[in-house]
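*Asks:* Add 2 to a position in the first sequence, counting from 1, and you land on the number used in our numbering.
Beta carbons: idealized from backbone N, C-alpha and C, even for Gly.
Predicted model only: the values in this text are computed from it and were never measured.
Got a structure for you, written out below as structure tokens; questions coming shortly.
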Amino acid sequence: MAGEIVNLKDIEERWKKFWEKEGIYRFDPSSKKKIYSIDTPPPTVSGRMHIGHACSYSQQDFIARFMRMRGNNIFYPFGVDNNGVATERLIEKEEHVRSRDMSREAFIKLCLNYLKKELPLFIQDWKNIGISCDWNMEYSTINEHSRKISQWSFLDLYNKGRVYRKDAPAMWCPECQTGISQVEAQDKEIETTFNDIVFKVENKDLIIATTRPELLPACVAVFYYPSDSRYKKLKGKMAKVPLFAFEVPILEDKRVDMKKGTGIVMCCTFGDQTDMEWQKAYNFPIKLAITEEGRMTEITGKYKGMKIKEARKTIIEDLEKHDLLKNHKKIVHIVNVHERCGTEIEFVKSKQWFVKYLDLKKEMIKWGEKLNWYPKFMEVRYDNWINGLQWDWLISRQRYFGIPFPVWYCKKCGEIVVADEKDLPVDPLVDKPNKKCKCGSKDFIAEKDVLDTWFTSSMSPIISTRLLDRKNQENTFPMSLRPQAHEIISFWLFNTVVKSNLHFNKNPWKDVVISGIVTLKGEKMSKSKGNIIQPQDVLKNYGADALRYWAASSKLGEDFDYQEKDVITGKRFITKLMNATNFIFMNLKDYRPRKIHLVDTDRIFLVMLNELIIKCTESFESYEYSKVKSETDGFFWNNFCDNYLEIVKNRVYNGTKEEKDSAFYVLYNSLLTILKLMAPFTPFVTEEIYQKYFKDKEKAKSIHISEWPKEIQIEKKKDDKEIYNLLRDIISKVRQEKSIAKKSMNSKIELTIDKKEKEMLKEILNDLKAVSGADLIKEGKFKVEFL
RNA sequence: GGUCCUAUAGUCUAGCGGUAGAACACUUCGUUUACACCGAAGAAGUCGAGGUCCGACUCCUCGUAGGACCACCA
Numbered sequence: 003m004a005g006e007i008v009n010l011k012d013i014e015e016r017w018k019k020f021w022e023k024e025g026i027y028r029f030d031p032s033s034k035k036k037i038y039s040i041d042t043p044p045p046t047v048s049g050r051m052h053i054g055h056a057c058s059y060s061q062q063d064f065i066a067r068f069m070r071m072r073g074n075n076i077f078y079p080f081g082v083d084n085n086g087v088a089t090e091r092l093i094e095k096e097e098h099v100r101s102r103d104m105s106r107e108a109f110i111k112l113c114l115n116y117l118k119k120e121l122p123l124f125i126q127d128w129k130n131i132g133i134s135c136d137w138n139m140e141y142s143t144i145n146e147h148s149r150k151i152s153q154w155s156f157l158d159l160y161n162k163g164r165v166y167r168k169d170a171p172a173m174w175c176p177e178c179q180t181g182i183s184q185v186e187a188q189d190k191e192i193e194t195t196f197n198d199i200v201f202k203v204e205n206k207d208l209i210i211a212t213t214r215p216e217l218l219p220a221c222v223a224v225f226y227y228p229s230d231s232r233y234k235k236l237k238g239k240m241a242k243v244p245l246f247a248f249e250v251p252i253l254e255d256k257r258v259d260m261k262k263g264t265g266i267v268m269c270c271t272f273g274d275q276t277d278m279e280w281q282k283a284y285n286f287p288i289k290l291a292i293t294e295e296g297r298m299t300e301i302t303g304k305y306k307g308m309k310i311k312e313a314r315k316t317i318i319e320d321l322e323k324h325d326l327l328k329n330h331k332k333i334v335h336i337v338n339v340h341e342r343c344g345t346e347i348e349f350v351k352s353k354q355w356f357v358k359y360l361d362l363k364k365e366m367i368k369w370g371e372k373l374n375w376y377p378k379f380m381e382v383r384y385d386n387w388i389n390g391l392q393w394d395w396l397i398s399r400q401r402y403f404g405i406p407f408p409v410w411y412c413k414k415c416g417e418i419v420v421a422d423e424k425d426l427p428v429d430p431l432v433d434k435p436n437k438k439c440k441c442g443s444k445d446f447i448a449e450k451d452v453l454d455t456w457f458t459s460s461m462s463p464i465i466s467t468r469l470l471d472r473k474n475q476e477n478t479f480p481m482s483l484r485p486q487a488h489e490i491i492s493f494w495l496f497n498t499v500v501k502s503n504l505h506f507n508k509n510p511w512k513d514v515v516i517s518g519i520v521t522l523k524g525e526k527m528s529k530s531k532g533n534i535i536q537p538q539d540v541l542k543n544y545g546a547d548a549l550r551y552w553a554a555s556s557k558l559g560e561d562f563d564y565q566e567k568d569v570i571t572g573k574r575f576i577t578k579l580m581n582a583t584n585f586i587f588m589n590l591k592d593y594r595p596r597k598i599h600l601v602d603t604d605r606i607f608l609v610m611l612n613e614l615i616i617k618c619t620e621s622f623e624s625y626e627y628s629k630v631k632s633e634t635d636g637f638f639w640n641n642f643c644d645n646y647l648e649i650v651k652n653r654v655y656n657g658t659k660e661e662k663d664s665a666f667y668v669l670y671n672s673l674l675t676i677l678k679l680m681a682p683f684t685p686f687v688t689e690e691i692y693q694k695y696f697k698d699k700e701k702a703k704s705i706h707i708s709e710w711p712k713e714i715q716i717e718k719k720k721d722d723k724e725i726y727n728l729l730r731d732i733i734s735k736v737r738q739e740k741s742i743a744k745k746s747m748n749s750k751i752e753l754t755i756d757k758k759e760k761e762m763l764k765e766i767l768n769d770l771k772a773v774s775g776a777d778l779i780k781e782g783k784f785k786v787e788f789l
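In structure tokens, the structure reads:
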């Protein structure tokens, strides 16, 4: 069964079907075994699986498979995230609709219908790489189950006083007249003018550079950097705003860039992000210069009603007229624009919902400390994120598609009315509250905003464990493991920890393993760079096991370069494994496992195998799967194939019954051990071999639910390792002599070795003779004589 | 701008306070009883500057380069 004859596709298809049909990876709700539960990251439904997915899901799967073979009852559901913008876009494109032209209810329905049709195809990629999820445990972040839990989460936080509604600046597109979220904002280079404008301080000129002179009427302060000697003397004084006869305080703040413009900056509510921070930090009054339609407001006096650009132009002209414009030069700078229409984004005041958590920073750090982080240093990123938090969590999105707030407002008194838990999920645009307002009114206005997608995905441990019956919900939560990528520690991981603690006063999981991202020649893959490797192609060319073999050489937390040659190495491993198996079972046709007397070489080899088992088990328990793979692979190739098989060949062909039996016992058991150690990495080929040669002699229905290898009970002697190494050493030296003499490896020789060494090897001299091709072993200085 | 990670043969990686180990590629040789998708042998390496130490590739400081996340771009 040489590699080219065997069709890997056939093998993959056969076992995929078998696993599904036999329910090999099903969670067993009635089992008494220990539960190991995994909070699988739900991939975004926006296209097909990419190579980064292939790598990180393989890594989780190594762990899941190991834990399963260790005897755990594995809860490993699979979710998809289809509640975000990416999915909205995809469906709009595929179904030729625009979400805003239909009701939210109808769009969600369309989305669910689309998923019904397309999801199996989407998920197939995960099945194809051999992910051992329980495919009966599926969820989507927009389905009824998830909507219910997400809205429940809102209600619970509302009842606990953890959510509030408040005026806050929101990103706004004056062209489309809609609020927009961060993801819809796009960087764009535009040309504008940088204007040096004259403010007056005690009748002296103070030059401030700005690109937004039309915001002068909304100016609330001017800032300089605390140590800036040019402006230190101005501290505490007032500056007079040109054209508008009002004064603002001069303050110092570290957020100022001394090198930019004149090193002094005006703060308007709201020009940009920093302006918003300052407004909040110094509690400035909010002065709005621009309406939602993108026109100037009343506070701008004579400019009222003008469009932004018109006002800018006019103000510049007026400044020039009054000799208040010293300089203006054209610059190109990057601004945020709305990606649909390219209009510059403005900030407007609006009512937004927040989760109050800024008061919990200390607790958050403690929650993070309680998690077991793999690798450990990732905890620092979590801490940094928390230490840098400046705002409460803004959870309302002025989007169309998503999970709605279960909220109405009384038309008469403005009172907030939330849905009843038993009515969830609700869509306030369609449903009505089931009671009157306190004021007696029955007229309500629905909340139109939807929840931030992270508000829902941060509930994933609940969404997934609630797929189970009540008893198992308790057994699976907190979950054992959260695997995820490092780039979303500050979103998904952080928010999940916060939610879980706010709702249930406990962490959502025990262990966290963080994977790196897949790069190509050191750079992150992205569509725009055009450096994408498609896993489907890799799968077609080399097979799932080879792809997974590659993924298994990555280290947790570290970015990982895609190397085709490593996938090829994986394929070579598979071929070698099949060839070695083929050789062994050519000779072990009617083998039945039984107790036998072991030849000393064989016993010593098993001692070495035991060492491998211990090392691999320890490494896997601390999630160091790459060590397990490289150790096992190395042992298989260098010890098992290149040495042990060569050593026992002669005995297998020509030995006595006892010599043969001993070799057979070791061949059978060490191959089975190697298969099991590699099964988490290369599940298809190991299953193929197991089913073909081992199944009738072993208990388990599949290698993947067979028992993880334990040490083989054999006698262990003090010098075993030394003897083994000496044997290998001598074999290597003989091969070296043959190589130098340009003789073939099976040429016959007379071998001379050191007397002490010969004494050490006295129990295994026959095997040494066989493997080295020596007719005679003499004592003395090491020498190889050719016959 | 803040934070974090990384730096080892031509390439990609492992490891370690005391001789740096694989793989791919390269050179030479070999193959009548698993495998040429093979076997054997060979050549080839610790980013730079300081410091701690009997001893540093390993620990510390600084630098340089690459990468990631977050923030910012008046």
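Inspect the beta-carbon positions of Ser-39 and Phe-622 and report whether they are closer than 9 Å.
*Replies:* No, they are not a contact pair.
*Asks:* Is the stretch 676-694 touching the stretch 625-638, taking contact as three or more C-beta pairs under 8 Å?
*Replies:* At 8 Å Cβ cutoff, the stretches touch.
*Asks:* Could you check what DSSP says for Val-452 in three-state terms: helix, strand or coil?
*Replies:* Strand.
*Asks:* Could you tell me the boundaries of the beta strand (DSSP E) in which Leu-483 lies?
*Replies:* Note, Leu-483: beta strand (DSSP E), 481-487.
*Asks:* In angstroms, rounded to a whole number, what distance separates the CA positions of Gly-73 and Phe-29?
*Replies:* Between Gly-73 and Phe-29, the C-alpha separation is close to 12 Å.
*Asks:* Whole angstroms is fine: what's the gap from Pro-44's alpha carbon to Lys-697's?
*Replies:* Straight-line Cα distance between these residues: approximately 35 Å.
*Asks:* Which whole runs of the alpha helix (DSSP H) in the stretch 223-296 are 4 residues long or more, in chain order?
*Replies:* The stretch 223-296 contains these whole alpha helix (DSSP H) runs: 275-284.
*Asks:* Going by alpha carbons, who is nearest to Phe-784 out of Asp-563, Ser-741, Asp-731, Ser-746?
*Replies:* When only C-alpha atoms are compared, the closest one is Asp-731.
*Asks:* Please report the straight-line C-alpha distance between Pro-510 and Thr-276, rounded to a whole angstrom.
*Replies:* If you take the alpha carbons of Pro-510 and Thr-276, they lie about 35 Å apart.
*Asks:* What would DSSP say about Met-173, mapped onto helix, strand or coil?
*Replies:* It is a strand residue.
*Asks:* Does the beta-carbon distance from Phe-286 to Thr-271 come in below 9 Å?
*Replies:* Yes, Cβ-Cβ distance for Phe-286 and Thr-271 is below 9 Å.
*Asks:* Return the chain-ordered list of same chain residues with a C-beta closer than 6 Å to the C-beta of Asp-513, the five sequence neighbours on each side being excluded.
*Replies:* If we look at Asp-513 and ignore the five residues flanking it on each side, its Cβ neighbours are Asn-374, Leu-483.
*Asks:* Name the residue from Asp-394, Lys-34, Lys-578, Thr-498 whose alpha carbon lies nearest to the alpha carbon of Ile-691.
*Replies:* The candidate whose alpha carbon is nearest that of Ile-691 is Lys-578.
*Asks:* Could you check where the beta strand (DSSP E) with Asp-777 kicks off and where it finishes?
*Replies:* Per DSSP, Asp-777 belongs to the beta strand (DSSP E) from 776-781.
*Asks:* Which ranges does the beta strand (DSSP E) cover as unbroken runs of at least 3 residues, wholly within the stretch 285-367, from first to last along the chain?
*Replies:* The stretch 285-367 contains these whole beta strand (DSSP E) runs: 327-340, 348-357.
*Asks:* I need the boundaries of the beta strand (DSSP E) containing Asp-207, first residue and last residue.
*Replies:* 206-212 is the extent of the beta strand (DSSP E) around Asp-207.
*Asks:* What separation, rounded to the nearest whole angstrom, lies between the Cα atoms of Ile-288 and Trp-154?
*Replies:* In a straight line, the C-alpha of Ile-288 is about 34 Å away from that of Trp-154.
*Asks:* Which same chain residues end up closer than 8 Å to Thr-467 when comparing Cβ atoms and leaving out the 5 residues on each side of it in sequence?
*Replies:* Result list for Thr-467: Ser-39, Phe-77, Asn-474, Gln-475, Thr-478, Phe-479, Met-481, in chain order.
*Asks:* Just checking, does the stretch 536-556 make contact with the stretch 567-574 on the three C-beta pairs under 8 Å criterion?
*Replies:* Yes, since at least three Cβ pairs between the stretch 536-556 and the stretch 567-574 fall closer than 8 Å, the two stretches touch.
*Asks:* Using the Cβ count rule (16 or more neighbours within 10 Å means buried), how would you classify Phe-225?
*Replies:* Phe-225 should be labelled buried.
*Asks:* How would you label Phe-637, buried or exposed, when you count the other beta carbons within 10 angstroms and need 16 or more for buried?
*Replies:* Phe-637 is buried by the Cβ-count criterion.
*Asks:* I believe Ile-397 touches Leu-453 by the beta-carbon criterion, under 8 Å. Please report the beta-carbon distance rounded to the nearest angstrom.
*Replies:* Ile-397 to Leu-453, Cβ: 6 Å. Contact.
*Asks:* Find out if the Cβ-Cβ distance for the pair Ser-142, Asp-83 is shorter than 9 Å.
*Replies:* Yes; because the gap between Cβ atoms is below 9 Å, this pair is in contact.
*Asks:* Could you name each continuous beta strand (DSSP E) segment of 3 residues or more that falls completely within the stretch 721-776, going from the start of the chain to the end?
*Replies:* List check, beta strand (DSSP E) in window: 751-755.
*Asks:* Tell me which same chain residues have a C-beta within less than 6 Å of the C-beta of Ala-257, skipping the five on either side of it?
*Replies:* The question names Ala, yet the displayed sequence has Arg at residue 257. Only Thr-276 meet the Cβ criterion.
*Asks:* Have a look at Glu-295 and Gly-273 and give me their C-alpha separation to the nearest angstrom.
*Replies:* For Glu-295 and Gly-273, the distance between alpha carbons rounds to 16 Å.
*Asks:* Please work out which residues of its chain come closer than 7 Å, Cβ to Cβ, to Trp-410, disregarding the five sequence neighbours upstream and downstream, and give them in chain order.
*Replies:* Closer than 7 Å at the Cβ level, and outside the excluded window around Trp-410, lie Val-419, Pro-430, Pro-435, Phe-446, Ile-447, Ala-448, Glu-449.
*Asks:* Could you spell out the range, first to last residue, of the beta strand (DSSP E) harbouring Trp-410?
*Replies:* Element bounds for Trp-410: 409-412.
*Asks:* Spatial neighbours of Ile-7 within its chain, please: C-beta separation below 6 Å, excluding the five flanking residues on both sides.
*Replies:* Residue placement at Ile-7 is flagged as unreliable, the pLDDT there being 46, under the threshold of 50; the coordinate-derived value follows with that caveat. Hits under 6 Å: none found.
*Asks:* Extract the residue ranges of the beta strand (DSSP E) inside the stretch 400-446, only unbroken runs of 3 or more that lie entirely within it.
*Replies:* Runs found: 409-412, 418-420.
*Asks:* Who are the Cβ neighbours of Lys-665 in its own chain at under 8 Å, not counting the five residues just before and after it?
*Replies:* First, the amino acid is wrong: residue 665 is Ala here, not Lys. Excluding sequence neighbours, Ala-665 sits near Val-601, Asp-604, Val-650, Arg-653, Val-654, Gly-657.
*Asks:* Note down, in chain order, each residue of its chain lying with its Cβ closer than 6 Å to the Cβ of Asp-769, except the 5 sequence neighbours on either side.
*Replies:* Hits under 6 Å: Thr-603, Ile-649.
*Asks:* Are the stretch 14-23 and the stretch 85-94 in contact at 8 Å, needing three or more beta carbon pairs?
*Replies:* Contact fails: fewer than three Cβ-Cβ distances are below 8 Å.
*Asks:* Closer than 6 Å by C-beta to Thr-455: which residues in its own chain qualify, once you throw out the five before and the five after it? Chain order, please.
*Replies:* Asn-85, Gly-86, listed in sequence order.
*Asks:* Measure from the alpha carbon of Gly-559 to the alpha carbon of each residue in Ile-13, Gly-49, Gln-61, then state which is nearest.
*Replies:* When only C-alpha atoms are compared, the closest one is Gln-61.
*Asks:* Would you mind reading off the limits of the beta strand (DSSP E) that contains Trp-375?
*Replies:* 374-376 is the extent of the beta strand (DSSP E) around Trp-375.
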